[in-house]
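One structure below.
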Amino acid sequence: MYRYMRKGSILTTESTLFKVLLPLSQVDWRKSLEILKKLRIEVKDKALTYERKQLLLKAYEVVFISCATDNQWGVIGKLIELLNNEELSFFIPFSRLIDICRINSYYKTAQEIFDCMKQALSFQVDNNTVSIKSLQGYKPCLDEPHLVNVIPLHQIVESYASLIGIYAKVGKFKEALDFYDELKSLHTPIPMKPSLCLSVLEACRDGPLELAKETFSLYNNNSESGEICKDLQNDFVEPFSYRTKECIKTLKKKQVLWNKESVSRGILTALIRAHVKPRALESALEYFENFKSTKSEISNVIVSCILFLFQEAELYREAINFYKQNRDVVYKLDMASCEIVRYCADAKVKKENALNKEGRKELYPY
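Numbering (the UniProt record's numbering), first residue to last: 1 to 366.
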């Protein structure tokens, strides 16, 4: 199939993309680059349909992410330069690349990619309005405003959110707050997704409380779920003032409104993991007692936090016991929690083996 793609049409259907290009890119980024050469020929065809353009966008993203996953940032830099020169920067998944940097704490690389994006999309902030002065990406798309205007704006907003998250994650809170001020000033026609705020919330674990509070405010003002947030705005700030008892009561009272994963995960994770220290584990277990009967997304988030806290404290046996005792309460354990359970199980065995060896040495020193 790969040999056929090199000779014939590069992308016939979406199934070709996901059956051939995606698995190939995960194995060998060099081969995905060969496919990219043919993609470059196809994107210059001005008679492309809207569906075809969307497919090509996905294909380009696959190739870029393949290189990023293999830490081929030099190759990515050359690709960005190449596509900029050919006025195809519309096909560069800037926000995804910056998010990979955030996950791996590559803040310098993230800043470089962000600067490339600014230059490529030629956007600037004037009078609290974001303007894309000359969109260099894919001119034939200009007759489809929903494709041209929305995608770059999503790129810009999501990239800001990831950049703030990465600077806060590495402890550079001044830079995070500076970019946060810029992000707040963007009045875009797209609503802020709750998930965009979560990278900031997660990064606030050891950071300034004002950043977290401002994030709630931004989410409240821009989210499609604004009505929910208006009712809960005070409750959002409550957890960050250490009033855990009142917060538990409020959460329990309004649990129906907390079914959205993004809201519950963001607030509870930030609260339990960070701002109730040093009694984070105790508070998490207290939360769990209040919510375990619901078998809802909230109870899942709390279980995830508790497992994380057990792991951090190297209480592997306790983590496994907790999971076994409450397995029936959790109706759906996320992948991160599954990984923690596996890790704790392995670590528990290693720790016990090490203790056994030490015990034998003490009994039989010779």
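C-beta: ideal position from N, C-alpha, C; glycine also.
Suppose contacts are defined by Cβ-Cβ distances below 8 Å. Is A68 in contact with I80 by that definition?
Along the sequence shown, read from residue 1 onward, the residue named residue 68 stands at position 68. Along the sequence shown, read from residue 1 onward, the residue named residue 80 stands at position 80. Not closer than 8 Å, so no.
How far does the alpha helix (DSSP H) with residue 371 in it extend, from its first residue to its last?
Because the chain here runs from 1 to 366, residue 371 falls outside it and cannot be looked at.
To the nearest angstrom, how far is it from the Cα of Q325 to the Cα of N353?
Residue mapping note: residue 325 aligns to position 325 of the sequence shown, counting from 1. Residue mapping note: residue 353 aligns to position 353 of the sequence shown, counting from 1. Cα-Cα distance, rounded: 24 Å.
Within 8 Å, strictly: CB atoms of F114 and P93
Counting from 1 along the sequence shown, the entry for residue 114 is found at position 114. Counting from 1 along the sequence shown, the entry for residue 93 is found at position 93. In this structure, P93 does not lie closer than 8 Å to F114 by Cβ.
Have a look at A168 and D178 and give me their C-alpha separation to the nearest angstrom.
Here residue 168 refers to the residue found at position 168 of the sequence shown. Here residue 178 refers to the residue found at position 178 of the sequence shown. Approximately 11 Å, taken between the alpha carbons.
Local Cβ density within 10 Å of V349, reported as buried at 16 or more and exposed below that
Stepping through the sequence shown from its first residue, residue 349 is reached at position 349. Exposed is the call here.
Limits of the alpha helix (DSSP H) - the one that E81 falls within
Along the sequence shown, one-based indexing puts residue 81 at 81. First-last of the alpha helix (DSSP H) with E81: 73-85.
Helix, strand or coil for E352, going by three-state DSSP, please let me know.
The count along the sequence shown starts at 1 and reaches residue 352 at position 352. In this structure, E352 counts as helix in the three-state DSSP scheme.
For the alpha helix (DSSP H) that contains N321, what are its first and last residues?
Position 321 of the sequence shown, counted from the start, is the residue given in the question as residue 321. From DSSP, the alpha helix (DSSP H) with N321 extends over 316-325.
Buried or exposed for D346, please, with buried defined as at least 16 other CB atoms from any protein chain shown within 10 angstroms of its CB.
In the sequence shown, the residue the question calls residue 346 occupies position 346. Exposed.
Three-state class that DSSP yields for V63 in the structure shown
Taking the first residue of the sequence shown as position 1, residue 63 is located at position 63. Note: V63 maps to helix in three-state DSSP.
By DSSP, does K172 sit in helix, in strand, or in coil?
Stepping through the sequence shown from its first residue, residue 172 is reached at position 172. Correct three-state label for K172: coil.
Neighbourhood of S162 by C-beta, 8 Å cutoff - its chain only, sequence neighbours within 5 removed:
Against the sequence shown, residue 162 aligns to sequence position 162. Closer than 8 Å at Cβ, skipping near neighbours: S95, I98, D99, C101, R102, A110, S199.
Given a threshold of 16 other Cβ atoms within 10 Å of its Cβ, counted over all protein chains shown, does G171 qualify as buried or as exposed?
By 1-based counting over the sequence shown, the position of residue 171 is 171. Exposed, by the Cβ-count rule.
Can you tell me whether DSSP reads K193 as helix, strand or coil?
Reading the sequence shown from its first residue, position 193 is the one you call residue 193. Unreliable positioning characterises K193 in this predicted model, as indicated by a pLDDT of 49, which lies under 50. A coordinate reading is not provided.
Between L82, Y106, Y180, S105, which lies nearest to A120 when the distance is taken from Cα to Cα?
Here residue 120 refers to the residue found at position 120 when the sequence shown is read from its first residue. For the residues L82, Y106, Y180, S105, the minimum Cα distance to A120 belongs to L82.
Does any residue of chain D have a CB that is nearer than 8 Å to the CB of E175?
Included in the structure is just one protein chain, with no chain D present.
By the three-class DSSP mapping on this structure, what secondary structure does D70 have?
Translated into positions along the sequence shown, residue 70 becomes position 70. Looking at D70 - three-state DSSP - the assignment turns out to be coil, as it is neither helix nor strand.
Taking just the CA atoms, how far does G74 sit from E158?
As a working note, residue 158 is residue 158 in the sequence shown. As a working note, residue 74 is residue 74 in the sequence shown. One C-alpha to the other measures close to 23 Å.
Helix, strand or coil for A161? Go by DSSP, reduced to three states.
By 1-based counting over the sequence shown, the position of residue 161 is 161. Three-state DSSP puts A161 in a helix.
CB M117 to CB Q155, shorter than 8 Å?
Locating residue 117 in the sequence shown gives position 117, where the first residue counts as 1. Locating residue 155 in the sequence shown gives position 155, where the first residue counts as 1. Yes, Cβ-Cβ distance for M117 and Q155 is below 8 Å.
Euclidean distance between Cα positions of N321 and F308
Within the sequence shown, residue 321 is the residue found at index 321, counting from 1. Within the sequence shown, residue 308 is the residue found at index 308, counting from 1. Each residue's alpha carbon lies about 14 Å from the other.
Straight-line CA distance for V341 to Y323?
As a first step, residue 341 must be located in the sequence shown, where it is residue number 341. As a first step, residue 323 must be located in the sequence shown, where it is residue number 323. Going from the Cα of V341 to the Cα of Y323 covers about 8 Å.
For A347, three-class secondary structure by DSSP:
By one-based count along the sequence shown, residue 347 stands at place 347. In the structure shown, A347 sits in a helix (DSSP, three-state: H, G or I).
By the three-class DSSP mapping on this structure, what secondary structure does A120 have?
Your numbering for residue 120 matches position 120 in the sequence shown. Three-state DSSP puts A120 in a helix.
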